[in-house]
Amino acid sequence: MQFSELVDAVRKSPLDVTISEDWGQGRASFGGLMVALQYEAMRAQVSAERALRSLAVTFVGPAEPGVPVSFEVQVLREGKAVSQVLGRALQKGQVVTLVQGSFGAARESVVTVESLPAPQMRAPQECQQLPYIKGITPEFMRHLSMGWAVGALPFSGRGTREMGGWVRLAEEVEAQPLTETHLLAMVDAWPPALLPLLNKPTAGSTLTWTIEFVQPLPKANTLDWCQYLAVIEHARDGYGHVAANLWAPNGELIAISRQTVAVFG
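The sequence shown: position 112 = 112 (full-length UniProt numbering), numbered continuously.
Next comes the structure, spelled out in structure tokens:
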């Protein structure tokens, strides 16, 4: 199923969505897709004037492809400007993904601080493309395009603190306006930045993920390349802490991400 088809499915019936196996990531469904679909269910319960400011995600357990998922939503509080919303993705009666979102309307403020500029990288066409290879790369990689510009590839044993490059959706036949839903999948498409430090294939997974959006989003579409850079801040005892940013095609900062990652090697 294409990304847009799954988004349509959760909009029509959020309590009964089946994710196809081509969105698999090991024994689980791709985490970025799970969060994107949960966000869509949450978005429907909040006024459009209140933009998504942040999501705090806990991946409680793997969501099995091919098994129906229920995306439940609870509005915790509606303030004058901010809505606090809780989303729970359940499968077989068990919570698999937990998402807490903050949606806030714009308001006047004397505080304005410009974001840091995007780093200098080779153009996407000059970067090594990370192809989908059945049985080697995760299944969901057939739906995204990635150009590697910074750092080494996973399991090369040549990693550094930094990893990144370019990313966009690969499947969309017609360009669509880029939304938070697309961006959630694009940011999480990148493997944990710890993996290039390993010299052989090793399992790894995200425990928690916090992502913040710079609003309003710049105008872009799903065929435009966005720039991604992750930095390992600390790693020890099988856990790593990684900060990352995503910039729009025009160089504007668009999302700020932080993950706690577990590696089994």
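Note that the Cβ used here is the ideal one computed from N, Cα and C, for glycine as well.
Distance between beta carbons of F155 and N199, contact taken as under 8 Å: 7 Å
Residues that W166 bridges to, as DSSP identifies them: G147, Q227
Residues near A262 by beta carbon distance below 7 Å, same chain, minus five either side: G204, S205, L207, G238, Y239
Contact belief for A230 with G164 at Cβ below 8 Å, rounded distance in angstroms: 6 Å
Closest Cα partner of G26 within the set L15, P65, L130: P65
For V35, three-class secondary structure by DSSP: helix
Under the three-state DSSP convention, the category A189 falls into: helix
For residue 266, three-class secondary structure by DSSP: The question about residue 266 has no answer, for the chain in this structure spans 1 to 265.
Touching by the beta-carbon criterion (3+ pairs, under 8 Å), the segment 182-197 and the segment 240-259: yes
Element boundaries [alpha helix (DSSP H), containing A9]: 3-12
Backbone secondary structure at A235 - three-state DSSP: strand
Cβ distance (whole Å) where R50 is taken to contact F3 below 8 Å: 24 Å between Cβ atoms; not a contact.
Cβ neighbour criterion (16 or more within 10 Å) applied to T112: exposed
Under 8 Å between C-beta atoms of L195 and I232: no
Per DSSP, the bridge partner or partners of T58: L98, T208
Three CB pairs or more closer than 8 Å across the segment 84-104 and the segment 131-145: no
Beta-carbon contacts of V67 that lie in its chain and below 8 Å, excluding the five residues immediately before and after: T18, Q91, K92
Secondary structure of T260, DSSP reduced to three states: strand
Inter-stretch contact (C-beta, 8 Å, three-pair minimum) for the segment 52-63 and the segment 208-221: yes
Among A48, Y228, V214, nearest to D188 - alpha-carbon criterion: Y228
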